[in-house]
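K.L.:
What follows is a structure written as structure tokens; I'll ask about it next.
In this note's numbering, the protein residues as written are 332 to 430.
And the structure:
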């Protein structure tokens, strides 16, 4: 038995051009449950903090600032180097300081 979707059975799916393309269907302004608070996608996705507000540190090897990353959320206090390359070159930097 083969079922087909006809416009008479699914009127909401055929009028997709009237729905807002960047919102989930449940938050579309044409359906119940729509809230204008969710129109701003940054608020909807939970990004309230700008990149300029993130903490930063100076890399002791290359002397460049580097900023917080989400993967460092649990160990930000232990992070000392901006990259794997600088971490590998830390002994070279220590030799130059001792001379």
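Glycine included, C-beta positions come from ideal geometry on N, C-alpha and C.
Model, not experiment: these values are computed from the prediction.
Which one of 391, 406 and 395 has the shortest CA to CA distance from residue 421?
P.N.:
Looking up residue 421 in the chain shown gives position 90. Nearest option by C-alpha distance: 391.
K.L.:
Could you say which of 385, 383 and 393 lies nearest to residue 418 if we only look at CA atoms?
P.N.:
Here residue 418 refers to the residue found at position 87 when the chain shown is read from its first residue. The option with the nearest alpha carbon to residue 418 is 393.
K.L.:
Is the distance from the Cβ of residue 381 to the Cβ of residue 398 below 8 Å?
P.N.:
To locate residue 381, count along the chain shown from 1; it is residue 50. To locate residue 398, count along the chain shown from 1; it is residue 67. Going by C-beta atoms, residue 381 is not nearer than 8 Å to residue 398.
K.L.:
Kindly indicate the opening and closing residues of the beta strand (DSSP E) around residue 396.
P.N.:
As a working mapping, residue 396 is identified with position 65 in the chain shown. First-last of the beta strand (DSSP E) with residue 396: 396-398.
K.L.:
Quick check on DSSP: helix, strand or coil for residue 382?
P.N.:
Along the chain shown, one-based indexing puts residue 382 at 51. Looking at residue 382 - three-state DSSP - the assignment turns out to be helix.
K.L.:
According to DSSP, is residue 415 part of a helix, a strand, or is it coil?
P.N.:
To locate residue 415, count along the chain shown from 1; it is residue 84. Of the three classes helix, strand and coil, the one that applies to residue 415 here is helix, per DSSP.
K.L.:
At least one CB of chain E closer than 8 Å to the CB of residue 400: is that the case?
P.N.:
The structure shown contains no chain E, having only a single protein chain.
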